[in-house]
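At the far end of the sequence shown sits residue 140, using my numbering, and the numbering has no gaps. Every residue, glycine too, gets a C-beta built ideally from N, C-alpha and C.
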Amino acid sequence: MAQSNQSLTNNFSSQQIVCIDASQQRLYGSVIQYIETQCNYWIRPLCLVENVADNPSIISLHRTSDLIIARDKLREALDTEVLEFWTTLYDESGAYEDNVEGRAKLHRFLRQMNHA
């Protein structure tokens, strides 16, 4: 049975957690929407995990910029890898102040990803 073009390219569903790997960092985000005309995904960043030896640093990216990311840069986040920082992924604090540190870390990650 043949699959449609959409099912071959659009294989992440809305609100699914995805990951972008770059060097010693992983960015986790939630899928908002697939942009069919560009073959990209609209992603809402949730957290950035920096691997430092056996003590990973988890930076909340709530209230930072949404991203448009090419499909080939994304992978599905596995349940087992997300469990250790699950509480960071879903911020229900109700706090809406600016996340300056998170935004700076996100921009640095994106620059490094583009130069890799």
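Proximity to serine 89 across Gln40, His139, Arg132 and Pro80 peaks at Arg132, based on C-alpha coordinates. Assignment of alanine 101 by DSSP, reduced to helix, strand and coil, places it in the coil class.
Counting along the chain, glutamine 57 sits inside the beta strand (DSSP E) bounded by residues 49-59. The criterion of a C-beta distance shorter than 7 Å is not satisfied by glutamine 48 and asparagine 79. Excluding its 5 nearest sequence neighbours in each direction, leucine 72 has C-beta neighbours in its own chain below 8 Å: Gln49, Arg50, Leu51, Tyr52, Ile82, Ile83, Leu85, Gly126, Lys129, Leu130 and Phe133, listed in chain order.
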